[in-house]
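Have a look at the structure below before the remarks.
Protein chains: 2
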Amino acid sequence: MTTDGPTARRNAVLAGLTDAELAGLLPHLEEVPLPRGQVLIEPGRPVGSVHFPTVGVVSLVHELERGDVVEIATVGREGMTGLSVFLGAAEPYERAIVQISGHALRMTTGEFQQQLTIVDGPLQASLRRYTQAMFTQLGRNAACNRVHRVQQRAARWLLLSADRMQSNTFDLTQEFLAQMLAVRRASVSQVAQALADAGCISYTRGSITILDEEKLHAHACQCYDVITRATEQAMSLGDPARSRHGSPAR
Amino acid sequence: MTTDGPTARRNAVLAGLTDAELAGLLPHLEEVPLPRGQVLIEPGRPVGSVHFPTVGVVSLVHELERGDVVEIATVGREGMTGLSVFLGAAEPYERAIVQISGHALRMTTGEFQQQLTIVDGPLQASLRRYTQAMFTQLGRNAACNRVHRVQQRAARWLLLSADRMQSNTFDLTQEFLAQMLAVRRASVSQVAQALADAGCISYTRGSITILDEEKLHAHACQCYDVITRATEQAMSLGDPARSRHGSPAR
DNA sequence: CTAGTTATGTACGCTGGCGAACACAGCGAC
DNA sequence: GTCGCTGTGTTCGCCAGCGTACATAACTAG
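Chains as they are written, first to last, in this note's numbering: chain H, 1 to 250; chain L, 1001 to 1250.
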């Protein structure tokens, strides 16, 4: 099964390609749903296929001792899962799991590798740029995890997810968010209420709505700005109307 | 000024090249000292040159608000600084600063880019593998920063540094280590004493010695094993005599 | 309607690490 | 020697977030 060009271009990696190259990929791309909880990549196992999300949020997580899971990065329409295939790793060390349901264009690992061997062209360049963006996201995440407060990190997570969903409402339970932030659900409950009291968000069972992006942005750490800017620079993500970062702060 | 092949092969990235390709690089590599505190890369500024350390430890750090610095990864003889040049970034987001004095082979950014354009050969492959290793290191660091205790993280840092120095004694103050772990110096003072009491290490003003690697390893988090294994897999780092990770734990 | 399941609210005591401060010891410069 | 600087030891109160537990609200299946 194949997909069409306009759909493919909703993903930033694919959107960065020439018409000709994208046309070469389309026959191998299959549009698939991304249901919440689905595991796309498991550590220590060969990557079966790579995914280019068009909507939805995928988390990359490291599993530490005894089931303890920590999110190290998120992937949305700006990127792809299975970057380690491009980087030549036999087996990845991180798990990729769908956090917020959506859709993606899927390609088998074999086909993807095949496409990579054809020529050192725009696809490789696009993947290198995305790798750079991930590099920044991972690094910033490491720093953020060390020093920033739960409320700031939660606000940042919500903003990034809204960008990737291109919607201010999406399905998310406190339990899931707690796992991503590697904190107790009780802590999420508290900061969620605080953010709701401040008029930033509202939520009901398993669904959250961002009421005031500016206000929520004020509660987030600057890591949101840094990651967003790095990603936009690398992937030429447009949609400046949604841009929330005025001054080039760091 | 140039350098010789045997020296260059002490760096894992260069060691992964064919004789022919390495010969092509040698004229452009200059052996330089890495004095502690030297800044090799500054965020927001073009990378002037890339470095392939042969001995010494370079930290990659993110600077958060008001001078707060957090280490996101370290670079030694297994890798290089300036990976973002390979990845095509205009300007990096992280600072590279020498933590433990050593030596490196330096190449101008322009020359490096020139070498990259010649052919998609072993150099690109070596760089992609190293990028993958960094990916794992960054991710694991993010998780480790979130959940592991100061003493575990300190022990891990010392082990990794010893590997990169290929020596059990090296210069390091508690103040510097505190910055890297993003904790107070007082906390480092306490865990250092605990590790010394346990017979793992000894130290005097600004110098530290690992007395018992096995014992220190027992005090470190498994992140040491994960990062080491990922790096060895990617870079074919030999020296299994120094290998401290028996079972493939995760 | 009822029962069961899932998502959220909340409370209690605990602790690792923080911020800040001060004391002392080793070492170099004079 | 002694002065000053730098590196290390140590203490005090404090607090964000933890682990645990339990209560309630909302939705779902029968």
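For each residue, glycine too, the CB sits at the ideal point set by N, CA and C.
Beta-bridge pairing of residue i - partner residues as DSSP gives them
i          : result
TYR130(H)  : None, per the DSSP bridge assignment.
ASP212(H)  : Note: ASP212(H) sits in no beta bridge, so no partner.
PHE1170(L) : ILE1208(L)
GLY102(H)  : LEU34(H)
SER1084(L) : None, per the DSSP bridge assignment.
TYR1093(L) : Paired residues: none, contrary to the question.
SER1202(L) : THR1209(L)
Burial state of residue i (16 or more Cβ within 10 Å)
i          : result
ASP1225(L) : buried
ASP4(H)    : exposed
THR1209(L) : exposed
THR117(H)  : exposed
GLY102(H)  : buried
ALA1234(L) : buried
PRO53(H)   : buried
GLY56(H)   : buried
GLY79(H)   : buried
VAL39(H)   : exposed
GLY246(H)  : Below a pLDDT of 50, predicted positions are generally treated as unreliable, and GLY246(H), at 42, falls in that range; the measurement from the model is reported next regardless. Burial call: exposed.
PRO92(H)   : buried
ALA133(H)  : buried
GLN179(H)  : buried
First through last residue of the alpha helix (DSSP H) which encompasses residue i
i          : result
PRO1006(L) : 1005-1008
SER49(H)   : Premise fails: SER49(H) lies in the beta strand (DSSP E), 49-63, not in any alpha helix (DSSP H).
GLY110(H)  : 109-118
TYR224(H)  : 223-235
ARG1066(L) : Segment: none, ARG1066(L) is in no alpha helix (DSSP H) and carries neither H nor E.
GLY79(H)   : That residue, GLY79(H), is in no alpha helix (DSSP H); it is neither H nor E in DSSP.
VAL183(H)  : That residue, VAL183(H), is in no alpha helix (DSSP H); it is neither H nor E in DSSP.
Interface flag, residue i vs chain H, CB-CB below 8 Å
i          : result
TYR1224(L) : no
GLN1132(L) : yes
ILE1118(L) : no
ARG1244(L) : Below a pLDDT of 50, predicted positions are generally treated as unreliable, and ARG1244(L), at 48, falls in that range; the measurement from the model is reported next regardless. Chain H, which has no Cβ nearer than 8 Å to the Cβ of ARG1244(L), makes this no.
ILE1072(L) : yes
ALA1186(L) : no
SER1161(L) : no
THR1003(L) : no
THR1136(L) : yes
GLY1121(L) : no
ALA1196(L) : no
LEU1017(L) : no
LEU1064(L) : yes
ARG1146(L) : yes
ASP982(L)  : Residue coverage of chain L in this structure runs from 1001 to 1250, which leaves residue 982(L) outside it and unanswerable.
GLY1067(L) : no
ALA1104(L) : no
LEU1260(L) : Not covered by the structure: residue 1260(L). The range shown for chain L is 1001 to 1250.
TYR1093(L) : yes
GLY1139(L) : yes
GLY1082(L) : no
GLY1199(L) : no
Proximity of residue i and residue j at Cβ, strictly below 8 Å
i          : j          : result
PHE1135(L) : LEU177(H)  : no
LEU138(H)  : GLY1139(L) : yes
ASN145(H)  : ASN1145(L) : yes
ARG1036(L) : VAL1098(L) : yes
PHE1170(L) : ILE1227(L) : no
VAL1315(L) : TYR1130(L) : The displayed coordinates of chain L run from 1001 to 1250. Any statement about residue 1315(L) would go beyond what the structure contains.
VAL70(H)   : VAL61(H)   : yes
ARG1095(L) : PRO1043(L) : yes
GLN1174(L) : VAL1188(L) : yes
LEU1026(L) : ALA1008(L) : yes
ALA251(H)  : ILE1072(L) : Missing from the structure shown is residue 251(H); chain H here goes from 1 to 250 and no further.
VAL1150(L) : LEU1105(L) : no
VAL1191(L) : ALA1162(L) : no
LEU65(H)   : GLN1222(L) : It should be pointed out that residue 65(H) corresponds to Glu in this sequence rather than to Leu. In contact: GLU65(H) and GLN1222(L) (Cβ atoms closer than 8 Å).
Cutoff 8 Å: residue i Cβ touching any chain L Cβ
i         : result
SER247(H) : Only weak support is given to the placement of SER247(H): the predicted model assigns it a pLDDT of 42, under 50, and the value that follows is read from those uncertain coordinates. Chain L, which has no Cβ nearer than 8 Å to the Cβ of SER247(H), makes this no.
ARG250(H) : Caution applies to ARG250(H), whose pLDDT of 40 falls short of 50 and renders its modelled position unreliable; the value that the coordinates give is listed next. Taking Cβ atoms only, chain L reaches closer than 8 Å to ARG250(H), which makes this a yes.
ASP239(H) : With a pLDDT of 43 at ASP239(H), under the threshold of 50, the predicted position of this residue should be treated as unreliable, and no value is reported.
ALA143(H) : yes
ASP171(H) : no
TYR203(H) : no
GLY48(H)  : no
GLY79(H)  : no
GLY252(H) : A question about residue 252(H) goes unanswered here, because the residues of chain H that appear run from 1 up to 250.
Residue range of the unbroken beta strand (DSSP E) whose run includes residue i
i          : result
THR74(H)   : 69-75
VAL1039(L) : 1039-1041
Contact test: residue i Cβ vs the ligand MG heavy atom, cutoff 7 Å
i          : result
SER1059(L) : As presented, the structure is devoid of all ligands, the ligand MG included, so that no description of it is given.
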